[in-house]
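Those letters in the sequence shown? Residues 433 to 547, by my numbering.
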Amino acid sequence: MHELSVCQGLLREVARMAAEHDAVAVDRIVLQVGGLSGVEPPLLERAFEVARAGTLAEAAELEIRAGPVVVLCRECGSRGEVPVNRLLCPGCGDWRVEVVEGEELLLLTIDMETV
Ligand SMILES: [Zn+2]
């Protein structure tokens with residue numbers, strides 16, 4: 433399951449940041465998931481339940497925000513947000529666009545408890 437390895441990578445990053453701040457627990461993790469990242473938020477939530485066991489984020493709440501899909505047109509140079517299922521230039525309607533945002537998975541916020 434792809435989402436589980438995504439979660440494990442995420443939790444490694446969270447653990448690294450928690451260690452940097454001498455945190456004893458993580459309360460909340462806010463994640464931005466791009467529409468083209470290939471990650472399904474409901475599956476990610478379920479994988480998180482499994483992956484967080486025994487980590488500092490064991491009791492953490494996971495908030496997933498859908499990120500925008502932004503394209504840049506190779507024809508006219510327009511740049512704008514488009515629906516995931518309609519990757520066309522927002523300016524001229526051409527299909528020769530480059531995805532500049534939407535494939536990423538971003539860790540936006542981590543709320544930690546320190547002593
Ligand atoms: Zn265009």
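C-beta atoms are modelled at their ideal positions from N, C-alpha and C, and glycine is treated no differently.
As the structure is a computational prediction, the values presented were derived from the model and not from experiment.
Go to residue i, then tell me how far its beta strand (DSSP E) extends in each direction, as first and last residue.
| i | result |
| --- | --- |
| LEU538 | 537-546 |
| GLU490 | Element bounds for GLU490: n/a, residue is neither H nor E. |
| VAL531 | 529-533 |
| ALA457 | 455-466 |
Based on the DSSP output, what are the partners of residue i in its beta bridges?
| i | result |
| --- | --- |
| GLU513 | VAL502 |
| ARG497 | GLN464 |
Relative to the C-alpha of residue i, which residue among the options is closest?
| i | options | result |
| --- | --- | --- |
| GLY441 | LEU476, THR546, ARG518 | LEU476 |
Closer than 8 Å by C-beta to residue i: which residues in its own chain qualify, once you throw out the five before and the five after it? Chain order, please.
| i | result |
| --- | --- |
| ILE542 | VAL446, MET449, ALA450, VAL458, ARG460, ILE461, VAL462 |
| VAL516 | GLY467, LEU468, VAL501, GLY534 |
| ASP526 | CYS505, ARG506, GLU507, CYS508, LEU520 |
| GLU435 | VAL471, GLU472, LEU475, LEU476, ARG478, ALA479 |
Residue i lies in the alpha helix (DSSP H); which residues open and close that run?
| i | result |
| --- | --- |
| CYS521 | Neither: CYS521 is in no alpha helix (DSSP H) and is coded neither H nor E. |
For residue i, which residues in the same chain have their Cβ closer than 7 Å to its Cβ, ignoring the five residues on either side in sequence?
| i | result |
| --- | --- |
| PRO473 | VAL465, ILE496 |
| ALA489 | LEU443, VAL446, VAL458, ILE461 |
Is residue i helix, strand or coil by DSSP?
| i | result |
| --- | --- |
| ALA485 | coil |
| GLY441 | helix |
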